[in-house]
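One gets the working numbering by counting positions in the sequence shown from 1 and adding 6 to each. Positions of the beta carbon are idealized from the N, C-alpha and C atoms, including for glycine.
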Amino acid sequence: MPPLMRTLSKSHRLLRIAGISALIATGTVAAIWGWIQWRYDQQVYTDLAAVPPRPIAIVFGAGVRSDGGLTPMLADRMDTAIELYRAGVVRKLLVSGDNRFAHYDEPGRMYDYAVARGVPPEDVIRDYAGRRTYDTCYRAAAIFGVTKALLVTQRFHLPRAIFTCRNTGVDGIGFSADRRVYGSNDFYRLRDALATVRAWWDVKVARPLPVLGERIDIGL
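Printed below as a string of structure tokens:
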């Protein structure tokens, strides 16, 4: 076979292998995401009167603006959690977010937001190392002794959050914090599909350790 033909044949084989690999990867992502959506979507509540009471709500961080205000998505999570608290569905709020960088205190801003709206300070617990969903769920059990919780975040995030918490020691159910239409919903759904595969890998295979420390008694 002439050298050019051999090169073209080799390139064709490589393209076929790459195409097959891409299909397998896409199928794996779709299968894991689809199973977790199907398995845990039924544990998501939207009706305040129907959700079973839990001792604590875990509120997942979703960004703080440069002026210190909460992003719309995070404000909706906090407003939903405060509503659940006022209704007596939960007794405490665990606000979990990132605090790795100077001038960026996500749980601190979440705490301030809740207290400014009438939630007693002693009922708002700050988790300063909730850098991602896995860390928040893991630390809720390992640091704060949470065994049952109501997870508060947007609908697209809840099946992954429930799956992660249930595999790291927290019996979680979800309450949807969707209070408006978010312009970036399509992006977040795609991002969440990929993050769901990582969540599966973390809880089933890798089991990484987040930032830990001494146990904190939050009076549950």
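By alpha-carbon positions, which one of the options ends up nearest to residue i?
| i | options | result |
| --- | --- | --- |
| Arg145 | Leu164, Phe66, Ala56 | Phe66 |
| Leu80 | Phe107, Pro113, Tyr91 | Pro113 |
| Pro127 | Asp47, Arg97, Arg161, Thr202 | Arg97 |
| Glu89 | Thr170, Asp47, Phe181, Gln48 | Phe181 |
| Ala68 | Gln48, Ala93, Gln160 | Gln160 |
| Ser72 | Cys171, Phe107, Ala167, Arg123 | Phe107 |
| Gln48 | Tyr117, Thr202, Phe169, Phe193 | Phe169 |
Are the Cβ atoms of residue i and residue j separated by less than 8 Å?
| i | j | result |
| --- | --- | --- |
| Val130 | Val101 | yes |
| Val57 | Leu156 | yes |
| Arg83 | Ala183 | yes |
| Arg137 | Asp104 | yes |
| Gly74 | Arg45 | no |
| Tyr91 | Val121 | no |
By how many angstroms is the C-alpha of residue j removed from the C-alpha of residue i?
| i | j | result |
| --- | --- | --- |
| Asp85 | Arg213 | 32 Å |
| Val152 | Tyr188 | 31 Å |
| Ile42 | Ala63 | 21 Å |
| Pro165 | Val50 | 8 Å |
| Val95 | Pro61 | 8 Å |
| Val176 | Phe150 | 11 Å |
| Ile30 | Gly225 | Because Ile30 sits at a pLDDT of 47, beneath the cut-off of 50, its placement in the model cannot be relied upon, and the following sentence gives the value as read from the coordinates. Near 47 Å, if we compare the C-alpha coordinates of Gly225 and Ile30. |
| Pro78 | Arg185 | 9 Å |
| Ala55 | Lys154 | 19 Å |
| His204 | Thr139 | At residue 204 the sequence reads Arg, which differs from the His that was named. Rounded to whole angstroms, Arg204 to Thr139 spans 11 Å at the Cα level. |
| Arg197 | His163 | 10 Å |
| Val219 | Tyr134 | According to the sequence as given, residue 219 is Gly; it is not Val. Approximately 11 Å between the Cα atoms of the pair. |
| Trp206 | Ala199 | 11 Å |
| Ile222 | Tyr110 | 23 Å |
| Ile179 | Cys143 | 12 Å |
| Ala167 | Gly40 | 14 Å |
| Arg5 | Arg195 | The question about residue 5 has no answer, for the chain in this structure spans 7 to 226. |
| Ala28 | Cys171 | Unreliable placement is indicated for Ala28, whose pLDDT of 46 sits below 50; no coordinate value is reported for it. |
| Asp118 | Phe193 | 29 Å |
| Thr202 | Ala93 | 31 Å |
State the CB to CB distance for the pair residue i and residue j, rounded to an integer number of angstroms; the pair is presumed to be in contact (CB under 8 Å).
| i | j | result |
| --- | --- | --- |
| Val211 | Asn173 | About 11 Å separates the two Cβ atoms, so there is no contact after all. |
| Leu76 | Ala87 | Between Ala87 and Leu76 the Cβ distance is about 12 Å, and since that is not below 8 Å, they are no contact. |
| Asp141 | Pro216 | 4 Å |
I'd like to know if residue i contacts chain C, where contact means its C-beta is closer than 8 Å to some C-beta of that chain.
| i | result |
| --- | --- |
| Arg137 | In summary, chain C is missing from the structure at hand, where a single protein chain is found. |
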